[in-house]
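Using my numbering, you'd call the opening residue of the sequence shown number 52 and step up by one each time. Using N, Cα and C, we set each Cβ at its ideal position, and we do this for glycine too. Just so you know, these numbers come straight off a predicted model, no measurement behind them. Below is one structure, written out as structure tokens; comments come after it.
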Amino acid sequence: TMAPDIQAQLMHTIMKTFMYTSKQAKNIFQELMMCVKKRDLITIFRMGEESSQDIDLSILIALLRSSCASSIDQLKLALTWNRVDIARNYILSGAHQWPEQALEEILVTALKTDKVEFCRLLLENGIYMQKLLTIHRLEELYNTVI
52 TMAPDIQAQL
62 MHTIMKTFMY
72 TSKQAKNIFQ
82 ELMMCVKKRD
92 LITIFRMGEE
102 SSQDIDLSIL
112 IALLRSSCAS
122 SIDQLKLALT
132 WNRVDIARNY
142 ILSGAHQWPE
152 QALEEILVTA
162 LKTDKVEFCR
172 LLLENGIYMQ
182 KLLTIHRLEE
192 LYNTVI
């Protein structure tokens, strides 16, 4: 809950800034309060700040933080966004047991989409190429390239 004087000040600021009626300001205020209930899902991005992150990085981190997605799905999202730094620092950084088949699938996708840094990262994290590169998989990769 918010102190009544702060609520009144915020309502006044909304009306003044956006030239809204009292009713419009109240609706905006209520929407703001609904958003603030889930503070852990709020990410502030300061445009133009010297030390600010890229906006895509901020969006991706917010998605990873807010989603209930599995670690594999998070890794796939980082691969799709081509953010090997996020995969390395946020997803693969723990002592998590990764299903070998899932990592192999991600490596094959990285190979098909020419994401060399992701391939390197996955190899550093326990993928064995000798086991992965079966004749069938080599044919699949070859046919993808052609």
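Option in 163, 88, 126, 167 with minimal Cα separation from residue 194: Translated into positions along the sequence shown, residue 194 becomes position 143. Among 163, 88, 126, 167, the Cα nearest to that of residue 194 belongs to 163.
Straight-line Cα distance separating residue 116 from residue 89: Looking up residue 89 in the sequence shown gives position 38. Looking up residue 116 in the sequence shown gives position 65. C-alpha separation (whole angstroms): 12 angstroms.
Beta carbon of residue 129 nearer than 8 angstroms to that of residue 138: Along the sequence shown, one-based indexing puts residue 129 at 78. Along the sequence shown, one-based indexing puts residue 138 at 87. A distance below 8 angstroms separates the beta carbons of residue 129 and residue 138.
Endpoints, alpha helix (DSSP H) assigned at residue 55: Mapped onto the sequence shown, residue 55 falls at position 4. Counting along the chain, the unbroken alpha helix (DSSP H) around residue 55 starts and ends at 55 to 69.
Proximity below 8 angstroms, CB of residue 143 to CB of residue 176: As a working mapping, residue 143 is identified with position 92 in the sequence shown. As a working mapping, residue 176 is identified with position 125 in the sequence shown. In this structure, residue 176 lies closer than 8 angstroms to residue 143 by Cβ.
Residue burial classification, residue 86 (beta-carbon count within 10 angstroms, cutoff 16): By one-based count along the sequence shown, residue 86 stands at place 35. With fewer than 16 Cβ atoms within 10 Å of its Cβ, residue 86 is classed as exposed.
Distance between residue 84 and residue 62 (C-alpha atoms, nearest Å): Here residue 62 is taken as the residue at index 11 of the sequence shown, counted from 1. Here residue 84 is taken as the residue at index 33 of the sequence shown, counted from 1. Approximately 12 angstroms, taken between the alpha carbons.
CB of residue 166 within 8 angstroms of CB of residue 133, strictly: For the purposes of this step, residue 166 is identified with residue 115 of the sequence shown, where counting begins at 1. For the purposes of this step, residue 133 is identified with residue 82 of the sequence shown, where counting begins at 1. For residue 166 and residue 133, yes; Cβs fall inside 8 angstroms.
Minimum length 4: unbroken alpha helix (DSSP H) runs contained in the segment 158 to 187: With a minimum length of 4 residues, the continuous alpha helix (DSSP H) runs that stay inside the segment 158 to 187 are 167 to 175, 180 to 183.
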